[in-house]
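Taken in sequence, the protein lines are chains Y and V.
Note that our numbering has the first sequence beginning at 1, numbered continuously upward.
Note that our numbering has the second sequence beginning at 344, numbered continuously upward.
The block underneath contains the structure these notes are about, expressed in structure tokens.
Protein chains: 2
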Amino acid sequence: MRAAVLNEPFAVAVVDVPDPIPETPSDAVVEVVAACICGSDLWPYRGVHPTNPQQRLGHEFVGQVVAVGPDVRLRVGTFVIAPFSWSDGTCPACRDGVTVGCTNGGFWGQDGADGGQGQYVRVPFADATLVAVPDDPAPALVPALLTLSDVLATGHHAAISAQVGPGSTVVVVGDGAVWLCAVLASARLGAERIIIFGRHQQRTAIARQFGATDVVAERGRDAVRAVRDLTDGLGARHVLECVGTQEALTTAVHAARRGGFVGFVGVPHLDDPSPVSTIFDRSLSLRGGGAWVRTYLPQLLPDVLAGTLDASAVFDVTLPLEQVADGYAAMDSRSALKVLLQP
Amino acid sequence: MRAAVLNEPFAVAVVDVPDPIPETPSDAVVEVVAACICGSDLWPYRGVHPTNPQQRLGHEFVGQVVAVGPDVRLRVGTFVIAPFSWSDGTCPACRDGVTVGCTNGGFWGQDGADGGQGQYVRVPFADATLVAVPDDPAPALVPALLTLSDVLATGHHAAISAQVGPGSTVVVVGDGAVWLCAVLASARLGAERIIIFGRHQQRTAIARQFGATDVVAERGRDAVRAVRDLTDGLGARHVLECVGTQEALTTAVHAARRGGFVGFVGVPHLDDPSPVSTIFDRSLSLRGGGAWVRTYLPQLLPDVLAGTLDASAVFDVTLPLEQVADGYAAMDSRSALKVLLQP
Chain Y
1 MRAAVLNEPF
11 AVAVVDVPDP
21 IPETPSDAVV
31 EVVAACICGS
41 DLWPYRGVHP
51 TNPQQRLGHE
61 FVGQVVAVGP
71 DVRLRVGTFV
81 IAPFSWSDGT
91 CPACRDGVTV
101 GCTNGGFWGQ
111 DGADGGQGQY
121 VRVPFADATL
131 VAVPDDPAPA
141 LVPALLTLSD
151 VLATGHHAAI
161 SAQVGPGSTV
171 VVVGDGAVWL
181 CAVLASARLG
191 AERIIIFGRH
201 QQRTAIARQF
211 GATDVVAERG
221 RDAVRAVRDL
231 TDGLGARHVL
241 ECVGTQEALT
251 TAVHAARRGG
261 FVGFVGVPHL
271 DDPSPVSTIF
281 DRSLSLRGGG
291 AWVRTYLPQL
301 LPDVLAGTLD
311 ASAVFDVTLP
321 LEQVADGYAA
331 MDSRSALKVL
341 LQP
Chain V
344 MRAAVLNEPF
354 AVAVVDVPDP
364 IPETPSDAVV
374 EVVAACICGS
384 DLWPYRGVHP
394 TNPQQRLGHE
404 FVGQVVAVGP
414 DVRLRVGTFV
424 IAPFSWSDGT
434 CPACRDGVTV
444 GCTNGGFWGQ
454 DGADGGQGQY
464 VRVPFADATL
474 VAVPDDPAPA
484 LVPALLTLSD
494 VLATGHHAAI
504 SAQVGPGSTV
514 VVVGDGAVWL
524 CAVLASARLG
534 AERIIIFGRH
544 QQRTAIARQF
554 GATDVVAERG
564 RDAVRAVRDL
574 TDGLGARHVL
584 ECVGTQEALT
594 TAVHAARRGG
604 FVGFVGVPHL
614 DDPSPVSTIF
624 DRSLSLRGGG
634 AWVRTYLPQL
644 LPDVLAGTLD
654 ASAVFDVTLP
664 LEQVADGYAA
674 MDSRSALKVL
684 LQP
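Written as structure tokens, this is what we have:
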């Protein structure tokens with residue numbers, strides 16, 4: 001079969017490669033009906049990510065099942081959508097819905113796997129990975145189905161991660177296909193106001209068609225100021241970051257209202273990747289900051305008064321206020337855990 | 344009155360300062376019954392944070408109202424708990440529960456405000472800030488009430504931020520009073536398994552008394568490995584970070600199970616503070632990573648098939664697979680938004 005490969009930066013070619021066949025009982029082979037190029041494919045293309053010789057390419061495709069292993073229930077001829085990674089559907093991560101983190105999963109084009117930019121793809125865990133389209137879709141519907149493979153699902157993930165819902169005010173940072181899909185996904189989830197950053201007229205026109213209500217042309221700090229101006233000085237409760245650069249993430253967190261939600265789906269390429277890259281790689285939620293003490297007191301005080309909540313064991317030294325200096329010295333040397341002062 | 348001040352690093356003294364009086368109609372003055380020293384007080388004490396001459400100290404106190412402005416409904420004589428910051432109760436952040444981010448709020452001891460480590464404190468927005476204890480508490484209950492001012496509420500915030508609930512498996516990173524309180528708060532919220540890091544026997548004994556079930560003595564990568572060993576190789580779904588150092592946050596994110604929740608309440612002192620410090624300062628939630636496409640497909644596919652969800656406008660160029668190189672070049676030069684390929 002024919003498949004796209006990358007031999008060195010900027011040198012994409014279509015070459016003959018072996019036809020795939022089912023290699024395990026749960027494999028299927030899909031004949032690709034449509035595939036596409038992702039913004040993230042440009043990282044290896046530009047040489048930013050190292051690649052292997054004859055690196056296969058592409059992780060988004062839809063197509064028809066043409067061969068199956070003996071354990072596969074999907075039938076030959078079924079039209080299917082492939083997520084950008086395969087997953088076994090049974091590991092703890094899959095059971096939690098974190099299919100991208102499947103213990104036995106992998107990414108198309110990586111480590112000897114077929115890429116989506118080719119005529120055929122061998123699909124591991126075919127029943128768990130592929131989603132069947134009930135009837136053979138009309139050709140006109142294929143591009144819309146293909147967006148489910150990555151960009152639309154990724155835009156949806158940004159919106160879900162940022163808890164977008166009915167009535168939400170959302171800021172979407174980016175300027176590519178995922179950014180547009182994050183706008184569309186936010187609108188689908190009921191967002192009322194969708195503020196985007198953008199200067200590229202054709203793209204902002206699509207964004208408006210997808211549901212964007214406000215377009216901010218400024219960048220960086222000025223963009224943050226513009227968002228604040230549009231949101232009573234507060235910032236937006238929901239911010240979707242669809243780029244992954246330091247500047248985009250910085251803009252995103254500053255455009256968020258206090259207590260707000262930032263969904264980030266741009267693969268991080270940061271000045272200092274730790275710990276944000278790990279948060280990304282492990283699909284974590286990071287939340288915290290200074291405690292909302294006044295809010296919690298009415299919930300916690302009754303338990304303390306009832307004697308069922310007692311943290312007083314944290315105080316191991318009690319001193320009169322006049323000896324406060326001794327208290328600081330004791331905590332500094334770790335001979336005291338926490339000093340109680342009596343004025 | 345007498346109050347603790349810091350003149351230079353390590354030089355804490357108790358000195359005479361002016362007695363506070365209500366300065367605005369919503370002020371109250373509280374006579375401090377008990378205050379304490381916080382781990383975070385050690386940052387200025389050690390000279391890590393710059394301070395002003397005669398810097399007032401302390402942000403945790405309980406006491407009795409002794410004077411009120413004309414607008415205050417709290418009565419003189421009421422026993423009250425002061426959160427570590429004051430808040431007006433009416434700004435958008437306060438209405439969202441993010442009282443630590445109050446537009447008109449502030450922190451005890453900062454910018455001319457009285458500190459908790461003194462005989463009296465002027466309290467702005469007294470009715471919104473202070474929480475009354477219904478009856479005068481027995482002296483033995485005062486230390487437990489004092490923990491509500493910061494450490495217990497902060498431990499609770501870590502647990503709430505990490506979505507701890509009934510049956511949770513929780514890892515708590517730290518070794519101070521907030522760490523212990525995070526254990527206690529997790530137990531109160533119904534956590535079943537609470538894994539802590541610690542080597543200090545007296546402190547781990549309190550942690551066990553507060554509900555810790557497993558004590559890991561290792562540090563860094565070994566600590567992460569130990570947590571994985573205790574959790575079927577997966578890590579914990581809920582991790583509470585109560586230190587703020589680079590190492591603690593790194594340990595926390597690696598100890599979390601994929602798709603898990605990290606609550607962080609240690610004030611960040613990181614190698615590169617951006618964007619984590621902003622996430623902390625603005626009480627944001629950061630969540631995302633690679634999309635859980637396979638999980639979302641059954642939710643999104645019906646809308647695409649019904650024609651109500653159509654992101655196909657992201658494709659502005661269609662090419663045969665054999666011309667894939669032209670597609671990459673077009674996306675690299677930004678002349679194409681997203682290229683669809685037909686094998």
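Beta carbons: idealized from backbone N, C-alpha and C, even for Gly.
Values in this document were obtained by computation on a predicted structure and should not be read as measured data.
query: Run through DSSP, which three-state label would Y:Pro320 get?; result: strand
query: Consider the Cβ of Y:Val293: report whether some Cβ of chain V lies at a distance smaller than 8 Å.; result: yes
query: Let me know the beta strand (DSSP E) ranges lying completely inside the stretch 442–522 of chain V, each 3 residues or longer, listed in chain order.; result: 463–466, 474–476 and 512–516
query: Do V:Leu527 and Y:Ala205 have their C-beta atoms within less than 8 Å of each other?; result: no
query: Below 9 Å between beta carbons is the criterion; list the residues of the stretch 382–404 of chain V that meet it against any residue of chain Y, in chain order.; result: Gly382, Asp384, Leu385, Tyr388, Arg389, Leu400, Gly401 and Phe404
query: Would you verify that the beta carbon of V:Gln552 is, or is not, closer than 8 Å to some beta carbon of chain Y?; result: yes
query: Rounded to the nearest angstrom, what separates V:Cys381 and V:Pro645 at their Cα positions?; result: 55 Å
query: Taking the continuous beta strand (DSSP E) assigned at Y:Phe61, which residues delimit it?; result: Phe61 to Val68
query: Give the range of the beta strand (DSSP E) segment to which V:Ser369 is assigned.; result: Taken as a continuous stretch (DSSP letters only), V:Ser369 belongs to no beta strand (DSSP E), as it is neither H nor E.
query: Residues of the stretch 306–333 of chain Y in Cβ contact with chain V at a cutoff of 7 Å, in chain order, please.; result: Leu309, Asp310, Ala311, Ser312, Ala313, Val314, Phe315, Leu321, Glu322, Val324, Ala325, Gly327, Tyr328, Met331 and Asp332
query: Could you pull out every residue in the same chain whose Cβ sits closer than 6 Å to the Cβ of V:Val476, ignoring the five residues on either side in sequence?; result: Phe422
query: Give a yes or no on contact between the stretch 476–495 of chain V and the stretch 432–450 of chain V, applying the rule of three or more CB pairs nearer than 8 Å.; result: no
query: Around the Cβ of V:Phe353, are there at least 16 other Cβ atoms within 10 angstroms (buried) or fewer (exposed)?; result: exposed
query: Y:Ser168 versus chain V: which residues are under 8 Å apart at the beta carbon?; result: None at all; the shortest Cβ gap to chain V is about 14 Å.
query: Might you give, ordered along the chain, the residues of its own chain that have their beta carbon closer than 6 Å to the beta carbon of V:Trp451, omitting 5 neighbours on each side?; result: His402, Gly458 and Gly459
query: When we look at the beta-carbon of V:Val619 and count the other beta-carbons within 10 Å, is it buried (16 or more) or exposed?; result: buried
query: With respect to the alpha helix (DSSP H) encompassing Y:Gln246, which residues constitute its N-terminal and C-terminal limits?; result: Gln246 to Ala255
query: How would you write the range of the beta strand (DSSP E) that V:Ala425 sits in, first residue to last?; result: Phe422 to Ala425
query: CA-CA distance, V:Ala502 and V:Leu664?; result: 51 Å
query: For a cutoff of 8 Å on Cβ pairs, would you count Y:Pro92 as touching chain V?; result: yes
query: Under 7 Å Cβ-Cβ, which residues of chain V neighbour Y:Leu249?; result: Pro618
query: What residues from chain V crowd round Y:His269, counting only those whose CB sits closer than 8 Å?; result: Those do not exist, as Y:His269 stays about 13 Å from chain V at its closest Cβ, beyond 8 Å.
query: Can you grab the Cα-Cα spacing for the pair Y:Asp96 / V:Ser511, in whole Å?; result: 14 Å
query: Between the stretch 181–205 of chain Y and chain V, which residues of the former have a C-beta closer than 7 Å to a C-beta of the latter?; result: Cys181, Leu184, Arg188 and Arg203
query: What are the boundary residues of the beta strand (DSSP E) that Y:Gly288 is part of?; result: Ser285 to Gly288
query: Is V:Gly578 near Y:Val98, with beta carbons less than 8 Å apart?; result: no
query: Note down, in chain order, every chain V residue with its Cβ under 8 Å from the Cβ of Y:Phe280.; result: Gly631, Gly632 and Gly633
query: Using a Cβ cut-off of 8 Å, pull out every chain Y residue sitting near V:Ile424, in sequence order please.; result: Leu297 and Leu301
query: Would you kindly work out how many angstroms separate the C-alpha atoms of Y:Ala35 and V:Gly554, rounded to a whole number?; result: 53 Å
query: Would you say V:Val559 and V:Ile537 are within 8 Å of each other, going by their C-beta atoms?; result: no
query: Going along the stretch 462–480 of chain V in order, which residues come within less than 8 Å of chain Y, judged by CB to CB distance?; result: Gln462, Ala471, Thr472, Val474, Val476, Pro477 and Pro480
query: Can you grab the Cα-Cα spacing for the pair Y:Gly288 / V:Pro435, in whole Å?; result: 18 Å
query: Applying the 10 Å Cβ sphere with the 16-neighbour rule, what's the burial state of Y:Pro343?; result: buried
query: Which of helix, strand or coil does DSSP assign to Y:Ile279?; result: helix
query: Name the chain Y residues that come within less than 7 Å of V:Val375, Cβ to Cβ?; result: Pro343
query: Would you mind telling me which residues of chain Y sit closer than 9 Å to V:Arg568, beta carbon to beta carbon, in chain order?; result: Result: empty, since nearest Cβ-Cβ is about 15 Å, beyond 9 Å.
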